[in-house]
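**Q**
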Amino acid sequence: MATEVADAMEEGRHLLVQAGTGTGKSLGYLVPAMLHDKRVVVATATLALQHQLVERDLPRLVEAVKDVPGLDTSYAVLKGRSNYACLHRIRAGVPDDQGTLVDVPMGSMAEKVLELRAWAEEESEQSGSGERDNAPRHTDREWRQVSVNHRECLGAAKCPFGAECFAELAKEKAQRSHLVVTNHSLLAIDAIEEVPMIPDYDTVVIDEAHELTARVTQAATDELAVSDIERAARRSTRWTESASGDPAGDLEDAAGALAEAFEATPPGRIDQVSQQLSDALVLVRDAARACVSAYPRESGGEGEGDAGRTQSKGMVQEVFVNAERMAAGSQADVLWLGEARDRFPARLHVAPLQVWGPMRDKLLTDKTVIFTSATLMLGGEFGAVATSLGLKPAERIGSQVASSDPENALPWKGIDVGSPFDYGQQSILYVARHLPQPGRDGLGQAQLDEICDLVDALDGRTLGLFSSRRAAETAAEAVRARLPHLTTLAQGDAQLPELAKQFVEDPHTCLFGTLSLWQGLDVPGDTCQLVIIDRIPFPRPDDPLMSARQKAADQAGGNGFMQVAATHAALLMAQGAGRLIRTTTDRGIVAVLDPRLETARYGRFLKASLPPMWSTVDPGLVRQALKRLGEA
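With positions in the sequence shown counted from 1, the corresponding number in this note's numbering is that position plus 8.
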């Protein structure tokens, strides 16, 4: 892998590397990145991998090459501004809705916010990074009291604490470093949204590349709620009082018009925008533009460098930008209205229909990109993932199909470097073919009986991956009732790190949950010897973005189900099954309770996306294997 990565960097061509868990793929790209003669960016999807690179892999690599003359081994971590504590907000206070600076918020938050402020001051004194990951434990709401986003920031030149700013110091360190470690979202904002965030670089290595399209989509998704507009209008009153008319009042009136339009619009994807909703979005856009224009120009007088002013104007600008995008009705965007729930108001969302075009035009055309992950081959081929990333199957080096546009072709290579694990000997794939096909009503009695029988045979050590929170909780209740001697945990019972710790410490434990467990849990050894997948994780039929992408693929003459739904399911199943074997000594079974994996035509594609486990549909054989594992 290191040789292939070095060659790709040297030749300036793109590379897809599938490298199974346990191959040491981070060193497979860090070594050639360190040796490359220009700056390299490494982008990860999860904080856990970022932490591993910075705390473990890079220090070990730097130590190993310290005697090599002339080698630049400098590296830095770079995150979005809101990931760093803001010294101005901490020292000058947090503006309230009227733009007045207030001190510590009242109630139970106060103690935690004071702790975060004390931590940030200590970080500043000791030249620490001020990164959120290093802060005392806190909630999102508490962190917002000590941080700002890029729109709220005064800017280093105007801020009295600009010289000490954690975010600015991180940027400066990145400017001086050969290797910059960042995340997918910041990479997307820098390269695709074209907001300069990362120092100029030659090559980017994208680890956990199976996550990239989702993270790029997330970074390019905007939303608008009536409450956002009302709050921006209230905050603007103080700053626009001297303007002609009442721009803040007009913005509040526009929020009312949008609220009425939301009432008349059913939740879900909006293929045809109603005249009422279109008019309301135009009204919000124009009112927000006028409100921004009504803010007095900064001239060194009152308001110069004022946090309240900067932040309230930033809120109005955000309303304007989002309303303008939504009002434009671009065919390249998908619009949907989210349902109001509990304390959360209805929100209008807009997201790109696809991201492969911008990725191709703005990232792949300018930079050399190395994509790597344990799951890049779906259905046994690189084609599906390569296409989603902006590369064309015909551009693959050695392809038998000629490229339709050879002048603008982006050559790429795909390699699978294998795995240190012998999946055929270490693991079994069991498909419960005898069970009924999953229905819309969640888990039936047959599935619950099967889960209890499998868990009972192994006496715990089970990770249950479910398509919904309700299914996970139903299964947990059934196992608790039937097997009370075991500890059965469900996602939501506690924070994920606490659940994982308990799962590892007690072998007679089951942990049932949803999406974050499918991808974010690493429990090697005897802790997890059975992974249960309740059903093939196709996207929900009412998922606005996935359904729009599927429809667009059909209209383009493709197979929307295979290109979107089956590809999405294959990726998740490969990630879920990957929770089982994490070391060369692990043993276990992946049990899929959805018979369609065996009976449906697309089942072959899905199975080809999984590790090459020994496969069976025999429930008796599987129970015996589980009993032997439990006894061992």
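The beta-carbon is built from N, C-alpha and C at its ideal position, and this holds for glycine as well.
Using only the alpha-carbon positions, how far apart do A489 and T482 sit?
**A** Roughly 11 Å separates the two Cα atoms.
**Q** Leaving out five residues on either side along the sequence, give the residues of the same chain with a beta carbon under 6 Å from the beta carbon of T81.
**A** These residues qualify, in order along the chain: V70.
**Q** Answer with buried or exposed for A633, where buried requires no fewer than 16 other C-beta atoms within 10 angstroms of its C-beta.
**A** So A633 ends up on the buried side.
**Q** Tell me where the alpha helix (DSSP H) around K559 begins and ends.
**A** Per DSSP, K559 belongs to the alpha helix (DSSP H) from P552 to Q563.
**Q** If you count every other CB in all the chains shown that lies within 10 Å of the CB of E131, and 16 or more means buried, which is it?
**A** Counting Cβ neighbours within 10 Å, E131 comes out buried, since at least 16 surround it.
**Q** For I423, name the three-state secondary structure that DSSP assigns.
**A** Strand.
**Q** How big is the Cα-Cα spacing for I459 and G468?
**A** Rounded to the nearest angstrom, the two C-alpha atoms are 11 Å apart.
**Q** Identify whether F511 lies in helix, strand or coil by the three-state DSSP scheme.
**A** Correct three-state label for F511: helix.
**Q** Return the bridge partner residues of C518 from the DSSP annotation.
**A** Beta-bridge pairing links C518 to T470 and T496.
**Q** If you count every other CB in all the chains shown that lies within 10 Å of the CB of Q433, and 16 or more means buried, which is it?
**A** When all chains shown are included, Q433 counts as exposed.
**Q** Could you pull the start and end residues of the beta strand (DSSP E) that L187 belongs to?
**A** Run containing L187: L187 to N191, per the beta strand (DSSP E) assignment.
**Q** Going by DSSP, what residues sit across from E231 in a beta bridge?
**A** H357.
**Q** Alpha carbon to alpha carbon, what distance is there between T318 and D542?
**A** Rounded to the nearest angstrom, the two C-alpha atoms are 50 Å apart.
**Q** Would you kindly check if the distance between the Cβ of V290 and the Cβ of A251 is under 8 Å?
**A** It is not a contact, given that the beta carbons lie outside the stated cut-off.
**Q** Any contact between the region 418–432 and the region 584–599? By contact I mean 3 or more CB pairs, one from each, below 8 Å.
**A** Enough Cβ pairs lie closer than 8 Å, so yes.
**Q** Quick one: Cα of V25 to Cα of M9, how far?
**A** Distance between the alpha carbons of V25 and M9: 8 Å.
**Q** Thinking L605 and L614 are a contact (beta carbons under 8 Å), I'd like their distance in whole angstroms, please.
**A** Going by Cβ atoms, the distance from L605 to L614 rounds to 6 Å, so yes, they are a contact pair.
**Q** Would you tell me roughly how many angstroms separate the C-alpha atoms of T147 and M117, rounded to the nearest one?
**A** Distance between the alpha carbons of T147 and M117 is about 9 Å.
**Q** Quick one: what's got a C-beta closer than 7 Å to D198's C-beta in the same chain, skipping five residues either side?
**A** So the qualifying residues of the chain are P204, M205 and I206.
**Q** Taking Q510 and L497 to be in contact with their CB atoms under 8 Å, please state how far apart those CB atoms are, rounded to whole angstroms.
**A** 6 Å between Cβ atoms; contact.
**Q** Can you name the residues that DSSP bridges to Q26?
**A** DSSP, once it has assigned bridges, lists S381 and D424 as partnering Q26.
**Q** Using CA coordinates, which residue listed in L507, D534, E513 and P532 is at the minimum distance from G521?
**A** When each option's Cα is compared against that of G521, the closest is L507.
**Q** Can you give, in chain order, each stretch of the alpha helix (DSSP H) that sits fully within the region 123–189 and has at least 4 residues?
**A** 148–152 and 174–184, all fully within the region 123–189.
**Q** Under a three-way DSSP split, which group does A254 fall into?
**A** First, the amino acid is wrong: residue 254 is Asp here, not Ala. In the structure shown, D254 sits in coil (DSSP, three-state: anything other than H, G, I, E or B).
**Q** Give the list of continuous alpha helix (DSSP H) stretches no shorter than 4 residues that lie fully inside the region 50–100.
**A** The region 50–100 contains these whole alpha helix (DSSP H) runs: 55–60, 66–72 and 95–100.
**Q** Between E216 and A53, how many whole angstroms is the CB-CB distance? I'm expecting something under 8 Å.
**A** Right, their Cβ atoms sit about 4 Å apart.
**Q** Give, in chain order, every unbroken run of the beta strand (DSSP E) that is at least 3 residues long and sits entirely within the region 577–613.
**A** Counting only runs of 3 or more, we get 596–600.
**Q** Just reading off the alpha helix (DSSP H) that T273 is part of, what are its end residues?
**A** It is not in any alpha helix (DSSP H) - T273 carries neither H nor E in the DSSP assignment.
**Q** Which residue comes first and which comes last in the alpha helix (DSSP H) that contains S435?
**A** First-last for S435: S435 to V439, but that is the beta strand (DSSP E), not the alpha helix (DSSP H).
**Q** Where do the ends of the beta strand (DSSP E) carrying D341 lie?
**A** Taken as a continuous stretch (DSSP letters only), the beta strand (DSSP E) holding D341 covers D341 to G346.
**Q** Quick one: what does DSSP say G568 is sitting in, helix, strand or coil?
**A** Reduced to three states, the DSSP call for G568 is helix.
**Q** Tell me which residues share the same chain as G107 and place their Cβ nearer than 6 Å to its Cβ, disregarding the 5 neighbours each side in the sequence.
**A** Because the pLDDT at G107 is just 47, under 50, the model does not fix this residue reliably, and the point stays unresolved.
**Q** Roughly how many whole angstroms lie between the Cα atoms of P549 and P360?
**A** Roughly 18 Å between the two C-alpha positions.
**Q** Since R246 sits in a beta bridge, which residues does DSSP pair it with?
**A** According to DSSP, R246 bridges with nothing at all.
**Q** Any idea what DSSP makes of Q106, helix, strand or coil?
**A** Reliability of the predicted coordinates at Q106 is poor, the pLDDT of 48 falling under 50, and the value obtained from them is presented with this limitation in mind. Q106 falls in the coil class under three-state DSSP.
**Q** In the DSSP assignment, find the beta strand (DSSP E) that holds S286 and state where it starts and stops.
**A** Element bounds for S286: not the beta strand (DSSP E) but the alpha helix (DSSP H), Q283 to A302.
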